[in-house]
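Since the structure comes first, as structure tokens, the remarks are kept for the end.
So, in structure tokens, the structure goes:
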């Protein structure tokens, strides 16, 4: 039992359009350029998706050798929370909260007990349409993606805790254990576009 991989406890999406009321009294070329602009926005705020810390080898003796690592989980130490998140990309969760379970047993860590980073996505655009006669119009757009230039981190790529057992019976720790190496959105990007309708 555990949370769905798509679980998000909080998910809020807002969108809106604001017709800018400025320069309405202007006429001529100045009025044509300055008035009639609109600002559009889409904002998404979401809590993180769950994921599971796993083992990189068959510790439990599971006979299903295809994709076994999806089901191999370590033990959680008694003094630790089931979601021991620290928050930084270099060490997103406390790797010291996990240990190898006894051979031929399943680890006690619940499935999808860890929660990944949340998402803050704000996109905006500035839009204006120019008319040229009864049937022709030109729309210009300035679009900005990830306005705050926030690093929206993905769940850790280093979800494999231990990759084996050394000769002295100590666990071999995966080198990128607990590390986030990617984001789910790009850095801030701007694009300018135009659309001619006729």
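In our numbering, the protein residues as written are -11 to 186.
Glycine included, every Cβ here is placed at the ideal spot set by N, Cα and C.
| Query | Result |
| --- | --- |
| Using the rule of at least 16 other Cβ atoms within 10 Å of the residue's Cβ for burial, across every protein chain shown, is residue 92 buried or exposed? | exposed |
| Can you name the start and end residues of the alpha helix (DSSP H) that residue 160 belongs to? | Segment 159 to 161 is the beta strand (DSSP E) holding residue 160; no alpha helix (DSSP H) there. |
| Enumerate in chain order the residues of its own chain whose CB-to-CB distance from residue 152 is below 6 Å, with the five nearest sequence positions on each side excluded. | 45 and 160 |
| With distances taken between CB atoms, is the gap from residue 47 to residue 88 smaller than 8 Å? | yes |
| In the DSSP assignment, find the alpha helix (DSSP H) that holds residue 18 and state where it starts and stops. | 16 to 22 |
| Is the Cβ-Cβ distance between residue 133 and residue 176 less than 8 Å? | yes |
| For residue 109, report the span of its beta strand (DSSP E) as first-last. | 107 to 119 |
| Quick one: Cα of residue 168 to Cα of residue 107, how far? | 14 Å |
| How would you write the range of the beta strand (DSSP E) that residue 1 sits in, first residue to last? | -1 to 7 |
| So does the stretch 32 to 43 actually touch the stretch 114 to 124, counting three or more Cβ pairs closer than 8 Å? | no |
| Relative to the C-alpha of residue 189, which residue among 115, 50 and -4 is closest? | Lying outside -11 to 186, the shown extent of the chain, residue 189 is not represented and no answer is given. |
| Which residue wins for smallest C-alpha separation from residue 5, given the options 25, 13 and -1? | 25 |
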